[in-house]
Amino acid sequence: TGYFTYDPGFMSTAATKSAVTFIDGDQGVLLYRGYPIEQLAKQSNFLEVAYLLINGELPSAAQFQTFEHDVTHHTMMRESLKNFFQGFHYDAHPMAMSMAAVGSLAAFYHDSLDINDPAQRKLAAIRLIAKMPTIAAAAYRYSIGWPIRYPRNNLEYCTRFLHMMFEVPSEPLQLSPVAAKALDLLFILHADHEQNASTSTVRLVGSTGANPYACVAAGIAALWGPAHGGANEAVLKMLAEIGDAKNVGKAVERAKDKNSGFRLMGFGHRVYKNFDPRATIIREMCHKVLADLNVSDPMLDVAMELEAAALKDSYFVERKLYPNVDFYSGIIYKALGIPTEMFTVMFAIARTAGWVAHWLEQHETPDAKIGRPRQIYTGAPTRDYVDVEKR
Ligand code: CMC
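So that you can map any letter, position 259 of the sequence shown is 298 in full-length UniProt numbering, and since no number is skipped, the others follow by simple counting.
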């Protein structure tokens with residue numbers, strides 16, 4: 040027995056020190072390695088941000104070139120890994136397939152499983168960032184019965200991904216430059232978020248000395264839930280269900296009713312109690328992307344109406360519930376032609392940068408300990424075993 044601090048949900052427990060990302064939830068501040076998210080969103084690109092998260096500093100032009108070359112070099116998937124997809128039922132969720140495929144990488148790359156070797160750790164990190172889009176696109180194409188495409192390594196990261204998703208043989212893909220740029224921006228905004236549930240999961244699994252592919256597969260599992268990364272898929276389903284701006288009032292009332300089991304998806308955040316700076320950027324971007332792509336989506340009207348109605352309602356005001364990063368991201372993904380079931384996979388591609396940055400940091404920390412929380416025991420006191428015929 041023992042007496043421990045009871046902190047369900049880790050509301051006030053710092054489980055680690057970290058130099059990767061800073062959040063001030065009251066002020067709505069998010070910094071990657073000290074750089075404000077607003078500046079990175081405007082001036083950087085996802086691969087540069089991945090480099091920054093992993094290495095702690097922005098790359099020089101030469102360092103970036105090497106990093107981009109390394110990532111590009113590792114985009115291919117083994118043919119036997121491709122065969123794995125054939126084993127899934129046709130309607131398998133792409134998150135299920137992605138999680139399994141990422142975990143299986145440990146079975147292919149024995150040259151990067153030694154967690155005590157810094158070069159092997161870096162190699163695994165690069166592989167994961169490089170292969171996530173290939174795996175994600177394969178999961179999507181399998182789910183619609185299309186043949187899996189090889190990555191085109193003459194393209195940059197986001198454009199390459201969109202090609203793997205949508206390209207059809209001998210039919211050049213007409214891709215608006217706005218699409219790749221919008222995707223890149225969404226990836227930047229989702230790249231890291233300090234000790235969120237999935238990153239904490241990666242660290243907890245990492246603390247046991249498990250290999251990096253297993254750790255990231257565990258992160259994908261944690262991300263899948265609707266309280267975390269699954270929220271972007273849940274938002275779009277919710278908006279579709281609401282259907283029309285005139286039904287927004289009813290949805291708000293339902294979300295306030297604790298017995299309804301319904302929450303406004305894409306609303307509220309454990310850390311942000313003022314606003315989510317990522318949501319502010321995404322809202323603006325959502326209008327622009329839809330205009331640039333010449334897409335008009337009634338879901339956007341429903342979303343704006345819902346946001347306005349909730350922000351006027353004392354229930355949401357008192358509890359400091361604001362739209363989070365996932366409230367508008369799905370509308371942008373939809374405008375890019377990405378199906379709802381892929382939204383959380385998109386999040387996973389971006390968050391892989393953060394997961395591996397934290398995993399690397401963890402293994403560079405000499406006094407890292409196994410994560411092993413305690414509990415407050417609420418079970419039976421000591422008692423004697425009773426033979427089955429006497430029970
Ligand atoms: N709709 C209605 N009520 C809500 C909502 C919501 N979306 N979120 C929180 N509440 C209420 C909750 O019922 C509670 O009320 P009371 O104090 O009367 O019991 C109060 O607000 C505090 O909520 P909590 O669940 O104790 O807060 P938390 O910090 O544990 O949970 C959260 C944070 C994000 C899980 C939660 O706000 C939520 O479930 N939101 C909807 C799902 C969502 O959008 N998740 C994405 C989060 S951001 C991206 C990511 O991390 O992946």
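Each residue gets a CB set at the ideal place from its N, CA and C atoms; glycine is no exception. Since we're looking at a predicted model, the values are computed, not measured.
Can you tell me which of the three DSSP states residue i falls into?
i, result
"P98", "coil"
"L243", "helix"
"Y71", "strand"
"E210", "strand"
"D63", "strand"
"F314", "coil"
"F200", "helix"
"P362", "strand"
"F147", "coil"
"F355", "helix"
"residue 456", "In the structure as shown, the chain begins at 40 and stops at 430. Residue 456 is therefore absent and cannot be evaluated."
"F43", "coil"
"F386", "helix"
"F85", "helix"
"F301", "coil"
At a threshold of 7 Å, does residue i count as lining the ligand CMC (C-beta to nearest heavy atom)?
i, result
"R242", "no"
"A294", "yes"
"D365", "yes"
"G288", "no"
"P420", "no"
"N235", "yes"
"G268", "yes"
"L69", "no"
"residue 458", "This structure leaves residue 458 out entirely; the chain is present only between 40 and 430."
"L225", "no"
"H308", "yes"
"R358", "yes"
"P47", "no"
"P216", "no"
"P265", "yes"
So does residue i have its beta carbon nearer than 7 Å to some heavy atom of the ligand FAD?
i, result
"L303", "Here the bound small molecules are the ligand CMC; the ligand FAD is not part of this structure."
Where does residue i land, buried or exposed, given buried means 16+ other C-beta within 10 angstroms?
i, result
"A253", "buried"
"E344", "buried"
"L350", "exposed"
"K170", "buried"
"I174", "buried"
"Q414", "exposed"
"L329", "buried"
"G48", "exposed"
"S51", "exposed"
"T238", "buried"
"K327", "exposed"
"T44", "exposed"
"H128", "exposed"
"D153", "exposed"
"residue 10", "Since the first and last residues shown for the chain are 40 and 430, residue 10 lies out of range."
"G376", "exposed"
Considering only residues of the segment 96-134, which uninterrupted alpha helix (DSSP H) runs meet the minimum length of 4 residues and lie entirely inside it, listed in chain order? Counting only runs of 4 or more, we get 100-112 and 118-125.
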